[in-house]
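Residues in the sequence shown are numbered consecutively from 8, following the working numbering.
Following: one structure in structure tokens, then a few remarks.
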Amino acid sequence: MAASTNLKSWIASANDRGTDFPLANLPYGVFTHANTTRIGVAIGDQILDLQSCAGEGLLASLPAAVVDACTATALNPLMALGAEFWSALRGRVTELLHESAGPEIQRSAAAMLVPQRDAMMRLPAYIGDYTDFYASIHHATRVGKLFRPDNPLLPNYKYAPIGYHGRASSIVVSGTEIRRPSGQTKPQQATEPTFGPSKSFDYELEAGIFIGPGNVMGESIPIAEAERHIFGLCLMNDWSARDVQSWEYQPLGPFLAKNFATSISPWIVSMEALAPYRVAMSPREEGDPVALAYLTSATADRDAIDLTLEVYLQSTQMREQKMQAERVSGGNLRDLYWSIRQLVTHHASNGCNLRAGDLLATGTISGPEEGSEGCLLEMKHRREPLRLPTGEVRAFLEDGDEVTFRAFAQCEGLPRIGFGVCSGLVAGS
Ligand code: MN
């Protein structure tokens with residue numbers, strides 16, 4: 008069914024102007040309700056329980072593999088099936104929830120709804136491996152300038168998507184408290200490092216990319232096929248201890264500064280839902296090298312996604328004074344130097360096997376202008392420090408700060424679709 012503003016549901020909250028989850032979205036997640044864990048689809052302020060839909064025969068028109076996958080307690084089996092199967096399921100869920108559904112279907116499907124406020128969201132998949140990239144040239148440049156003012160970008164940046172292997176065991180779902188990590192740090196003036204709680208604790212605004220069908224080890228993924236291996240996107244916070252990072256990162260890259268916790272949003276927005284919001288990649292600057300052949304896409308005119316991302320911060324003081332979280336920055340996924348297609352292809356270009364449920368992340372998403380920094384570290388370039396409505400100043404996160412990411416796609420003639428939230432509160436060390 009084509010996306011249009013007329014895509015109305017019989018579920019009233021799905022037609023609310025501000026909802027993240029209209030009928031055009033239908034993101035997948037895993038939730039626990041009444042002591043059972045199930046796969047569901049977000050619709051307005053409700054969740055459509057797909058396991059119950061499968062059990063009651065509401066998905067009987069679909070291939071058996073899809074029905075089976077809907078009864079799992081993680082999305083990996085559905086992710087492994089591939090785009091035709093996802094599309095068939097999305098089509099059927101759209102039929103069930105569309106305002107034109109007959110009274111009998113509406114009655115049956117209504118019995119499969121769980122209010123989101125009564126459900127506990129889980130990690131959406133078993134994440135076998137997690138890789139973080141560095142795809143925003145604006146982030147790489149601002150961070151590089153702090154260390155190398157005359158030469159912020161290293162010579163490989165415009166040739167290869169830079170990344171590192173992260174830690175899957177410490178990926179947690181939005182809402183999980185994040186304990187301030189301890190580690191080795193060595194201030195520039197000090198002669199020796201000391202061990203203790205990080206004093207420059209930061210967030211990184213990122214998008215997560217969930218892999219669908221994988222590739223056989225030893226085989227690569229051609230750029231034209233890369234998006235067939237993507238199940239969908241979520242929000243991600245790659246919490247970072249900058250003081251630990253600056254001491255440990257050479258020569259092998261990030262390690263303990265980042266592997267203690269990574270938060271993701273519980274809902275995965277499908278590539279099909281995002282299809283109407285595709286736009287051209289930002290043109291490379293004059294003088295930049297052209298991408299090597301294996302990274303050159305024939306569809307660069309629609310390889311980016313026009314997705315607005317926002318960072319909100321609420322301190323303990325703000326919470327006590329009943330102040331709303333403050334929007335402290337915002338960027339757009341279209342500003343990346345490397346597309347999500349290029350990230351997938353580059354990752355598998357040496358024959359590395361990706362598997363269903365693997366998580367790739369874009370790296371901090373920043374734009375060119377002040378106000379679009381995807382982490383606090385980059386705000387060191389501002390003339391004025393970040394000031395909260397209470398008058399508090401933030402160079403880095405304090406205990407009690409809650410960081411919340413939001414994202415939405417919106418354009419003329421199309422409904423707004425959102426990602427829900429990815430949030431985490433900083434607990435003491
Ligand atoms: Mn990162």
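Cβ coordinates follow ideal geometry from the N, Cα and C atoms, glycine included.
> Is F370 near the ligand MN, with its Cβ less than 7 Å from a heavy atom?
Replying inline: The sequence given here places Gly at residue 370; Phe does not occur at that position. Distances taken from the Cβ of G370 to the heavy atoms of the ligand MN include one shorter than 7 Å.
>> For a quick check, are the C-beta atoms of V48 and P131 less than 8 Å apart?
In response: no
>> Taking the alpha helix (DSSP H) that N83 belongs to, which residues open and close that run?
In response: N83 to L88
>> Measuring only from the beta carbon, is D209 closer than 7 Å to any heavy atom that is part of the ligand MN?
In response: No heavy atom of the ligand MN is found nearer than 7 Å to the CB of D209.
> Can the beta-carbon of P29 be found less than 8 Å from the beta-carbon of I312?
Replying inline: no
>> In the DSSP output, what is E317 paired with across the bridge?
In response: G337 and R413
> On the three-state DSSP scale, how would you describe M278?
Replying inline: Helix, per DSSP.
> Given a threshold of 16 other Cβ atoms within 10 Å of its Cβ, counted over all protein chains shown, does L383 qualify as buried or as exposed?
Replying inline: buried
> Looking at C-alpha atoms only, which residue of K329, G64 and D250 is the closest neighbour of T397?
Replying inline: It is K329 whose Cα lies nearest to the Cα of T397.
> Who does H460 pair with in a DSSP beta bridge?
Replying inline: Outside the modelled stretch of the chain, which goes from 8 to 436, sits residue 460, for which no answer is possible.
> Where does the unbroken beta strand (DSSP E) through L189 begin, and where does it stop?
Replying inline: The question names Leu, but residue 189 is Ser in the sequence shown. In this chain, the beta strand (DSSP E) harbouring S189 covers S189 to T192.
> Cβ of N372 within 8 Å of Cβ of S143?
Replying inline: Checking the sequence, you will find Ile at residue 372 rather than Asn. Their beta carbons are under 8 Å apart, which means I372 touches S143 by this criterion.
>> In the DSSP output, what is D250 paired with across the bridge?
In response: Bridge partners of D250: none, in fact.
> Taking contact to mean at least 3 C-beta pairs separated by less than 8 Å, is the region 299-312 in contact with the region 276-289?
Replying inline: yes
> Looking at the structure shown, is N222 part of a helix, part of a strand, or coil, going by DSSP?
Replying inline: coil
> Among the residues of its own chain, which have a CB less than 7 Å from the CB of G435, if the five just before and after it don't count?
Replying inline: Hits under 7 Å: R187 and D406.
>> Out of A175, P84 and D23, which one is the CA nearest neighbour of G215?
In response: Among A175, P84 and D23, the Cα nearest to that of G215 is on A175.
> By a C-beta neighbour count over all protein chains shown, 10 Å radius and 16 as the cutoff for buried, is P392 buried or exposed?
Replying inline: exposed
> First and last residue of the alpha helix (DSSP H) that includes Q123?
Replying inline: No alpha helix (DSSP H) contains Q123, which DSSP labels as neither H nor E.
>> Below 7 Å, is the gap between the Cβ of D139 and the nearest heavy atom of the ligand MN?
In response: yes
> Between the region 190-206 and the region 363-370, do three or more beta carbon pairs fall short of 8 Å?
Replying inline: Between the region 190-206 and the region 363-370 there are fewer than three C-beta pairs closer than 8 Å, too few to call the two in contact.
>> Between the alpha carbons of P229 and A19, how many angstroms are there, rounded?
In response: 43 Å
> Among G170, R129 and T315, which has the Cα closest to the Cα of R334?
Replying inline: T315
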